[in-house]
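Position one of the sequence shown corresponds to residue -12 (the working numbering), numbered consecutively onward. Glycine residues also receive a C-beta, built at the ideal position from the N, C-alpha and C atoms. Before any comments, here is the structure.
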Amino acid sequence: MKAMLSAFAAIAIIAVGANQILIRTGFSSQDQTASASVRLD
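As structure tokens, this is what we get:
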């Protein structure tokens, strides 16, 4: 049980960290699909 909870915590930390890295480096889906003719609200 302890190993499973540790794995869930690790997955959450990795997911949040990867999201932050992608946002800061400009590889988010919003940055990749936006262009001068695309309007995002």
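- For methionine -9, the uninterrupted alpha helix (DSSP H) run begins and ends at -11 to 12, by DSSP.
- Shown here for lysine -11: not one same chain residue has a beta carbon closer than 7 Å to its own, the five before and five after excluded.
- In the structure shown, the three-state DSSP call for serine 16 is helix.
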